[in-house]
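Let me begin by presenting the structure, written as structure tokens, before commenting on it.
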Amino acid sequence: MKALFAISLLAALALGAPACSSGGPSGEAPVGPLVFAPEAATGGAVVFLAARPVLGDRLAFDVVARGAPQIHGAAFRLTWDPEALAFVSAERGEVWSKQVLALAKEGAGGQLAIAWTEKGMSGAVDATEDKILGTVTFDARGRKASSVGFKIERSTLVDRKGAHLPVTWRGGSIAAR
106 MKALFAISLL AALALGAPAC SSGGPSGEAP VGPLVFAPEA ATGGAVVFLA ARPVLGDRLA
166 FDVVARGAPQ IHGAAFRLTW DPEALAFVSA ERGEVWSKQV LALAKEGAGG QLAIAWTEKG
226 MSGAVDATED KILGTVTFDA RGRKASSVGF KIERSTLVDR KGAHLPVTWR GGSIAAR
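Residue numbers (our numbering): 106 to 282.
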């Protein structure tokens, strides 16, 4: 009897469900190609977002450090328009040791706290040249433009002794092509 009820319920839901259209939910246009425009990077030590090619409606940004030797840890907060992007994942880069602590926590809509740090006194990332600290991935929720940036007062790089490394933080913006 329960099996018959379950089959009947599934059939009713399938027959009553609206057909999907290529326009997506509520008639939205397909996401199509979005472009990322990075903020201009100045001279000196900088942490910036660099777009990584991905397929479909997914966007990925490498978090890149340059001009900052001996990074022992990175902690920062990313912000974006939650109506434009949905957080998918944050992955540490290959520059960190196997002992790295990697944490990512999505808080209020459009905010993500990330920490990548070495354990103890071992390891450090030499980002004198461009080094990918990690990658953050989002799904586009349509063709809406959005800034994607760092909350500067909540972002820092530290050395082995916990001293802050002076860097400039640069994000960017996405828009439909």
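All residues carry an ideal CB built from backbone N, CA and C; glycine is no exception.
The structure presented is a predicted model; accordingly, all values stated were derived computationally and were not measured.
Inset, instruction - Please determine, among T184, R182, V151 and E188, the residue with the shortest C-alpha to C-alpha distance to I176. - result: V151
Inset, instruction - Specify whether the stretch 216 to 234 and the stretch 170 to 185 touch according to this definition: at least 3 beta carbon pairs, one from each stretch, less than 8 Å apart. - result: yes
Legend entry - Where E258 falls, given that 16 or more other Cβ within 10 Å makes a residue buried: exposed
Legend entry - Simplified DSSP state of R197, which is helix, strand or coil: strand
Inset, instruction - Have a look at F141, A165 and R265 and flag the residue whose alpha-carbon is nearest the alpha-carbon of G178. - result: R265
Inset, instruction - Taking T233 as part of the beta strand (DSSP E), name the residues at either end of that continuous run. - result: Looking at the DSSP string, T233 is not in any beta strand (DSSP E), and its letter there is neither H nor E.
Inset, instruction - Using alpha carbons as the reference points, say which of G149, D244, G228 and A145 lies closest to P187. - result: D244
Legend entry - Member of G239, T261, V205 and Q216 whose CA lies at the smallest distance from the CA of A156: G239
Inset, instruction - Could you please give the first and the last residue of the uninterrupted beta strand (DSSP E) stretch that includes K210? - result: L206 to E211
Legend entry - Alpha-carbon spacing of R197 relative to K224, whole angstroms: 14 Å
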